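**Student:** Below is a structure I'd like to ask you about.
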Amino acid sequence: MKQHGSKMYAIATMVAVALVLVFSFQAAFAAEPINIGFTTDFSGTAATLTMQEAPVVEMVVKEINAAGGIKGRPINLIVQDNASDPAKALGNAKMFKEQYKCKVIIAGVTSSVCLALKNWADQNHIPIIAIDPASDKLLVKSGKAWFFRTEDPIFLSVEAALARLKKLGHTTIAFEGSTLAWGTDTLKMIKEKAPTFGIKVVSEVLIEPKAKDLTIQAKKLKDSGAKAVFIADYESETAALARAMNSLGWKPYVIHVSAANLNSAMSLAPAKMLSGWETLQAADTSKPFVRKIFGKIKAYTGKPVDEDKKVLRAYDAISLLVEALKASGNPEDSTAIRDAFYKLPKYERATGKTGGKGGFVIGKNHLVDLDDEIIYTVKSGKLMPAK
């Protein structure tokens, strides 16, 4: 097993190979390290998201270790690629537990992967905190959870988007989304909630990952007569839909349920094709704490940063994990770590509205609420707060 320091970000860009990385500072410490497993999509459907999120996890771990670790013990970050494959993610989790004796895991990206990991966490009683998944099937509505996430769940983003559509006067919408759990769960929630907003879904298409040409699907949506399109898909498919709509000369109002994926799509399709599209995220990118985080990660990587919730939800996930380890009193006790996620009332959140604080509360395994959701518009290739 090779050991790496700041090489992790560079290696992560090699999405064609599986990664087995260990991020360790053992040489600088006499104490036994605390092993943390990190499984995410360095290849696969959501690799573009990982390219922004993984360096944040690395940066925070390096900062903690540079400050003396946790009670003198360094964090040893063991990194695996799950390639957006639930089976691979489960294999990673098993390895973290059995080979490295990890008592806590951080995970990304897709809902499909994290649904499998949630079941594993429940069965093995090892807490997992996930960066990205939105599926409502991940909700834990009573008692203490073994699975946590810093991404806002589907029901919140759907309600915020439908409220925006109603405010703008749209009564019929078309839907495009992924065939993966996030897309199908979003469509189900829209159909459930839309009537209460006086809105009807008149056309829908579900797209397989990595689809290149969506002209036929875009034409179906256009022919429905809908003046607004609701999107819940990953960056490459979002870019493909934008190109298809442009080729048809079709310019409906568009609201994308994921600012992170829409922002990433602007690197895959001309930004002008997405101009005027709207999105939402549980993040205020103007608050000083967030600006500081963006500046730190830009300085750390030496690369441009997507100023959206990708970086922020990753920051909250690894930071909450670290705080839970500190508050647990015993980083070798998985139950104590799980319980500590509920004992962080003063934690300052990167995600959510200005002034948002606290970790998780019993009966709620996500952080944010409806009033944390903010609408953004694409202007000149950037996400700007909508008016």
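Just so you know, the sequence shown maps onto residues -30 to -1, 1 to 357 in mature numbering (1 follows the signal peptide of the UniProt record, and there is no 0). Built from N, CA and C at the ideal position, the CB exists for glycine as well. Model, not experiment: these values are computed from the prediction.
Do you know offhand how far Tyr346's Cα is from Leu244's?
**Tutor:** Start at 1 with the first residue of the sequence shown, and residue 346 comes out as number 376. Start at 1 with the first residue of the sequence shown, and residue 244 comes out as number 274. Taking the straight line from one Cα to the other gives about 12 Å.
**Student:** In chain order, what residues of the same chain lie with their CB nearer than 7 Å to the CB of Gly296, ignoring the 5 residues before and after it?
**Tutor:** Taking the sequence shown and counting its residues from 1, one reaches residue 296 at position 326. One point to set straight first is that residue 296 is Lys, not Gly, in the sequence displayed. Here the set comprises Ile40.
**Student:** Met(-30) to Ala269, Cα distance in whole Å?
**Tutor:** As a first step, residue -30 must be located in the sequence shown, where it is residue number 1. As a first step, residue 269 must be located in the sequence shown, where it is residue number 299. Any reading at Met(-30) is ruled out, since the residue's pLDDT is 32, under 50, leaving its predicted position unreliable.
**Student:** Are the region 297 to 315 and the region 70 to 86 touching, with three or more C-beta to C-beta distances below 8 Å?
**Tutor:** Counting Cβ pairs under 8 Å, three or more are found: they touch.
**Student:** Rounded to whole angstroms, what's the CA-CA distance from Ser289 to Val30? Just pull it up for me.
**Tutor:** Taking the sequence shown and counting its residues from 1, the one referred to as residue 289 is at position 319. Taking the sequence shown and counting its residues from 1, the one referred to as residue 30 is at position 60. In a straight line, the C-alpha of Ser289 is about 7 Å away from that of Val30.
**Student:** Give me the Cα-Cα distance between Pro25 and Gly168, rounded to the nearest whole angstrom.
**Tutor:** Within the sequence shown, numbered from 1, the residue matching residue 25 stands at position 55. Within the sequence shown, numbered from 1, the residue matching residue 168 stands at position 198. In a straight line, the C-alpha of Pro25 is about 43 Å away from that of Gly168.
**Student:** Would you kindly work out how many angstroms separate the C-alpha atoms of Lys158 and Phe125, rounded to a whole number?
**Tutor:** Locating residue 158 in the sequence shown gives position 188, counting from the first residue. Locating residue 125 in the sequence shown gives position 155, counting from the first residue. Going from the Cα of Lys158 to the Cα of Phe125 covers about 10 Å.
**Student:** Give me the DSSP bridge partner(s) of Asp51.
**Tutor:** To locate residue 51, count along the sequence shown from 1; it is residue 81. Its beta-bridge partners are Thr10.
**Student:** For Thr15, which option in Phe200, Ile177, Ala188, Val128 has the closest C-alpha, if you only look at C-alpha atoms?
**Tutor:** Sequence index remark: in the sequence shown, residue 15 carries index 45 (1-based). Nearest C-alpha to Thr15: Ile177.
**Student:** Which of helix, strand or coil does DSSP assign to Ala235?
**Tutor:** In the sequence shown, residue 235 corresponds to position 265, counting from 1. Helix at Ala235.
**Student:** Check whether the region 279 to 287 touches the region 91 to 111, counting contact only when three or more Cβ pairs, one atom from each stretch, lie closer than 8 Å.
**Tutor:** Yes, the region 279 to 287 is in contact with the region 91 to 111.
**Student:** Taking the straight line between their C-alpha atoms, what separation do you get for Gln(-5) and Ser298?
**Tutor:** One-based indexing of the sequence shown puts residue -5 at position 26. One-based indexing of the sequence shown puts residue 298 at position 328. Its pLDDT being 46, under 50, Gln(-5) is placed unreliably in this model, and the value from its coordinates should be taken loosely. So the two alpha carbons sit approximately 22 Å from each other.
**Student:** Contact between the region 211 to 225 and the region 323 to 337 is defined here as three or more beta-carbon pairs at a separation below 8 Å; is this criterion met?
**Tutor:** With the cut-off at 8 Å, the region 211 to 225 and the region 323 to 337 do not touch.
**Student:** Would Asn233 pass as a contact of Asp203 if the rule is Cβ separation under 8 Å?
**Tutor:** Translated into the one-based positions of the sequence shown, residue 233 becomes position 263. Translated into the one-based positions of the sequence shown, residue 203 becomes position 233. The answer is no: Cβ separation not under 8 Å.
**Student:** Pairing CB atoms from the region 32 to 47 with CB atoms from the region 107 to 120, are three or more of them under 8 Å?
**Tutor:** Taking 8 Å as the limit for Cβ pairs, the verdict is that the region 107 to 120 does not touch the region 32 to 47.
**Student:** Please report the distance separating the alpha-carbon of Phe330 from that of Leu109.
**Tutor:** Translated into the one-based positions of the sequence shown, residue 330 becomes position 360. Translated into the one-based positions of the sequence shown, residue 109 becomes position 139. Using only the alpha carbons, I get a separation of about 12 Å.
**Student:** What residues in its chain sit with their C-beta under 8 Å from that of Thr20, if we drop five residues either side in the sequence?
**Tutor:** Within the sequence shown, numbered from 1, the residue matching residue 20 stands at position 50. So the list reads Ala(-19), Thr10, Asp11, Phe12, Gly78, Val79, once near-sequence residues are dropped.
**Student:** Does the separation of the CB atoms of Ser206 and Ser173 fall below 8 Å?
**Tutor:** As a working note, residue 206 is residue 236 in the sequence shown. As a working note, residue 173 is residue 203 in the sequence shown. In this structure, Ser173 does not lie closer than 8 Å to Ser206 by Cβ.
**Student:** Buried or exposed for Gln50, going by 16 or more other Cβ atoms inside 10 Å?
**Tutor:** On the sequence shown, position 80 is the one that residue 50 refers to. That one is buried.
**Student:** Could you give the distance in angstroms between the alpha-carbon of Asp122 and the alpha-carbon of Asp342?
**Tutor:** Counting from 1 along the sequence shown, the entry for residue 122 is found at position 152. Counting from 1 along the sequence shown, the entry for residue 342 is found at position 372. Straight-line Cα distance between these residues: approximately 9 Å.
**Student:** I want to check one thing, is the minimum distance from the CB of Gly219 to the heavy atoms of the ligand ZN below 7 Å?
**Tutor:** Ligands are entirely absent from the displayed structure, and the ligand ZN is therefore not among its contents.
**Student:** Relative to the C-alpha of Asp155, which candidate in Ala229, Gly139, Trp90, Ser127 has its C-alpha closest?
**Tutor:** As a first step, residue 155 must be located in the sequence shown, where it is residue number 185. Among Ala229, Gly139, Trp90, Ser127, the Cα nearest to that of Asp155 belongs to Ser127.
**Student:** Using three-state DSSP, classify Asn46 as helix, strand or coil.
**Tutor:** For the purposes of this step, residue 46 is identified with residue 76 of the sequence shown, where counting begins at 1. Asn46: strand per DSSP, three-state reduction.
**Student:** Rounded C-beta distance between Thr249 and Ala235? I'm assuming under 8 Å.
**Tutor:** Taking the first residue of the sequence shown as position 1, residue 249 is located at position 279. Taking the first residue of the sequence shown as position 1, residue 235 is located at position 265. Not quite, the Cβ-Cβ distance comes to about 10 Å (not below 8 Å), so this is no contact.
**Student:** Output the distance between the C-alpha atoms of Lys189 and Leu218, rounded to the nearest integer angstrom.
**Tutor:** Working through the sequence shown from its first residue, we reach residue 189 at position 219. Working through the sequence shown from its first residue, we reach residue 218 at position 248. Between Lys189 and Leu218, the C-alpha separation is close to 7 Å.
**Student:** Only counting the same chain, and skipping five residues up and downstream in sequence, which positions put a Cβ closer than 8 Å to that of Leu291?
**Tutor:** Counting from one through the sequence shown, the residue named residue 291 turns up at place 321. The residues are Ile6, Val74, Ile76, Ile99.
**Student:** Under 8 Å between the Cβ atoms of Lys280 and Glu28?
**Tutor:** Your numbering for residue 280 matches position 310 in the sequence shown. Your numbering for residue 28 matches position 58 in the sequence shown. Contact: no.
**Student:** Quickly, what does DSSP pair Ile355 with across the bridge? List them, please.
**Tutor:** For the purposes of this step, residue 355 is taken as the residue at position 385 of the sequence shown. Correcting the residue identity first, residue 355 is Pro in this sequence and not Ile. According to DSSP, Pro355 bridges with Tyr346.
**Student:** Less than 8 Å between the C-beta atoms of Ile186 and Gly147, yes or no?
**Tutor:** Working through the sequence shown from its first residue, we reach residue 186 at position 216. Working through the sequence shown from its first residue, we reach residue 147 at position 177. No, these two residues do not count as a Cβ contact at 8 Å.
**Student:** Assuming Lys323 contacts Asp254 (C-beta within less than 8 Å), just tell me the rounded distance between them.
**Tutor:** As a working note, residue 323 is residue 353 in the sequence shown. As a working note, residue 254 is residue 284 in the sequence shown. Correct: roughly 6 Å between the Cβ atoms.
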